[in-house]
Amino acid sequence: MKGRTHWRKAAVLALPALALAGVLGARVAQGAIASEVVVQGGTLSLSTSGLYGTDFGLSVGDVTRQNADGSTTSVRVGRLGFAEGRLNELCLSFQQQVLGSWFTVYITGGDGNRSTWEIRTDNVELDVVTATGALDMDGVVKIGVPGEDVTTIKDAAGNSVPNPLRVPAAEHRIGIDATFAEFRQVRGQIAVMSIPRPLRIPNLALRMEPGRGQCAAPVAPQGNP
């Protein structure tokens, strides 16, 4: 019959976008992403022109991942945190297979001005599987400190949280502690993204495209935050 709308097929094709929206808790109309994202059976691709933060900390953590067959795997990650952070444009992408076909869902946001560093948040924590980009650290920079001694995340009173990156204290994993850190043209694979409250992003949008894609390489930011 001509003119019939194939709602069943449309619903199936929409599943990847709906699934990612559920995973991210993306409330596109309100310009917000939920406070914690845990990606199981895959990774979330992140791309940003710039990421700047104060009280930067980095160490080595472990994440338990659930595989497609129900088993679990322990994954070693680089765990980093900022007490206060700013982002300059943001793209997140996630690949999903439905009925044998691959789709990529994208969540993008920003004001389009690479000089504004418009996305602000605090007490950010990222578990990074891989990452590329340029890193500059300033202020008091300590490299090689025990991971459990890194200071970054703050409590409600503004005090540093002990062992904020939750690394095994007995193993004394290597850590980096810096007053300021700035990443430029960052691309990475994220296993867990955690912030204390919803992250509000201007012009937040969600779209789905066929195939296995990823966020475009970020353009360099303009100026400093």
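Take the sequence shown: its letters are residues -21 to -1, 1 to 204, numbered as in mature numbering (1 follows the signal peptide of the UniProt record, and there is no 0). Built from N, CA and C at the ideal position, the CB exists for glycine as well. What you are looking at is a predicted structure, and each value in this text was computed from that prediction instead of being measured.
Asked, Found
"Opposing strand residues paired with Q76 [DSSP bridges]", "W81"
"The region 114 to 129 touching the region 85 to 96, judged by at least three CB pairs closer than 8 angstroms", "no"
"Of the residues R65, P200, P189, the one placed nearest G79, counting alpha carbons only", "P189"
"Straight-line Cα distance separating A135 from D34", "15 angstroms"
"Local conformation of A170 per DSSP, three classes", "strand"
"CB of A170 within 8 angstroms of CB of T52, strictly", "no"
"Integer Cβ distance of G167 from L25, believed to fall under 8 angstroms", "5 angstroms"
"A157 - DSSP class collapsed to helix/strand/coil", "strand"
"Closest by C-alpha distance to G60, when choosing among A157, V198, G112", "A157"
"In DSSP terms, what V41 is bridged to", "Residue 41 is actually Asp in this sequence, not Val. Answer by DSSP bridge pairing, in chain order: R55."
"Proximal residues to N102 (C-beta, below 7 angstroms), its chain only, five neighbours per side dropped", "A62, I132, K133, I174, P175"
"Sequence-distant residues of the same chain with beta carbon closer than 6 angstroms to A113, five excluded per side", "R163"
"Segment contact, 8 angstroms Cβ cut-off, at least three pairs: the region 34 to 45 with the region 141 to 153", "yes"
"Beta-carbon proximity of Q45 to R191, cut-off 8 angstroms", "no"
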